[in-house]
Structure formats: structure tokens, C-alpha cells
Amino acid sequence: MKAKLQTISNSKQQELEEVRRELKLSQEQTKAKAEMEQIQATIKELQSKEQNNKSSFDETKAIENAISRLEAEIEKLQRLHQQHQVQPSQSLSGIRLPLHWKKMQIHYVLKVTLDVMDSKERQEYSEVQKHFLRTLPHVTVVSITRFQNALHWEYYQLKKLEME
1 MKAKLQTISN
11 SKQQELEEVR
21 RELKLSQEQT
31 KAKAEMEQIQ
41 ATIKELQSKE
51 QNNKSSFDET
61 KAIENAISRL
71 EAEIEKLQRL
81 HQQHQVQPSQ
91 SLSGIRLPLH
101 WKKMQIHYVL
111 KVTLDVMDSK
121 ERQEYSEVQK
131 HFLRTLPHVT
141 VVSITRFQNA
151 LHWEYYQLKK
161 LEME
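Numbering-wise (UniProt numbering), the sequence shown opens with residue 1 and increments by one.
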């Protein structure tokens, strides 16, 4: 009987050991599962940050591309503007235009406000102011504007030549 009890005791100890192993394995699985969930949460957080960074990066790239296109368009418009701004030396019929005139297209009228601080425009400003004040001495000249019109200048010069 003693041997039988010993066998039962050994059997129960083996069962107990197996239950302990299963419990330990179960605890390890629970711990591993918790760690796995934490890792998945971290992955989701990193993916979210990456998506935000990607969105910011994409937005930055889109803005940079838009700026680049606008700069190219500005440069193109400036080149076109410079091509159409010719130095007025002669009108269409060959009449010389005043050398002090600003660059302009022949077919347009250009409005130029004379700047008394500009050395090139100071003499013209003083001369016009002097003639104006001779006729209206009690007024103050605030500004002087020159209208450049190549076609009218041409007509004036041709009429002047005709009258001589």
C-alpha cells in the first residue's frame, strides 16, 4: 500500500508540475500578449506620426512647387516686359524722341511723375515748375507728371517742321 501511495503521490506531483508549467506558460503568454499589444499601439502611433509627417512633407512639397511655378511665371513676365520696353529713340516715321523719356512701347502713353530728388529729372522738374509759377505765382507745386506719347510727339515734330 505504501508503494501504491508513493505512486499516487508521484503522479500527483507530476500533475502539479505540469499545471505549474501550464500556468507559467499561460502567464508568459499573457505577458507576451500584453507586450504585443503595447508594440502594436506603438506601431500605430508611429504610423500616425509618419502619416502626419508625410502630410506635412507633401504639403511643403506642394507649396515649394507652387512657389517655383510662380517664380518661373514672374521671370517669364519680366522678360516679356523687358522685350516690350524699348528705348524710345525714334518714332515709327523716324522722328527722334526725347532722350530723357523713360522706356516705353511706341504705341502706348506712359505717365511719369517727375522726382525732384532724381538727378536726371531734377532739371526738367525745375524748368516746368519755373514756367508754371511764372503764370500762377501764388500756388504751390505738389508734383509734376509727364505724359509720354510717341505718336503725339511725332505729330508735333512733323507740324513744327512743316511750319518752318
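Just so it is clear, CB atoms sit at the ideal spot from N, CA and C, and this is done for glycine as well.
Does residue i come out as helix, strand or coil in the three-state DSSP assignment?
| i | result |
| --- | --- |
| LEU16 | helix |
| MET163 | helix |
Nearest to residue i by CA position, among the options, is which residue?
| i | options | result |
| --- | --- | --- |
| LEU99 | MET117, GLU121 and VAL116 | GLU121 |
| VAL128 | ASP118, LEU77 and THR145 | THR145 |
Going by DSSP, which residues form a beta bridge with residue i?
| i | result |
| --- | --- |
| GLN38 | Bridge partners of GLN38: none, in fact. |
| ASN149 | VAL109 |
Buried or exposed: which applies to residue i, given that a residue is buried once 16 or more other Cβ atoms fall within 10 Å of its Cβ?
| i | result |
| --- | --- |
| GLN148 | buried |
| ALA150 | buried |
| GLU59 | exposed |
| TYR156 | exposed |
Curious, which full-length alpha helix (DSSP H) runs of at least 4 residues does the segment 58-146 contain?
119-135
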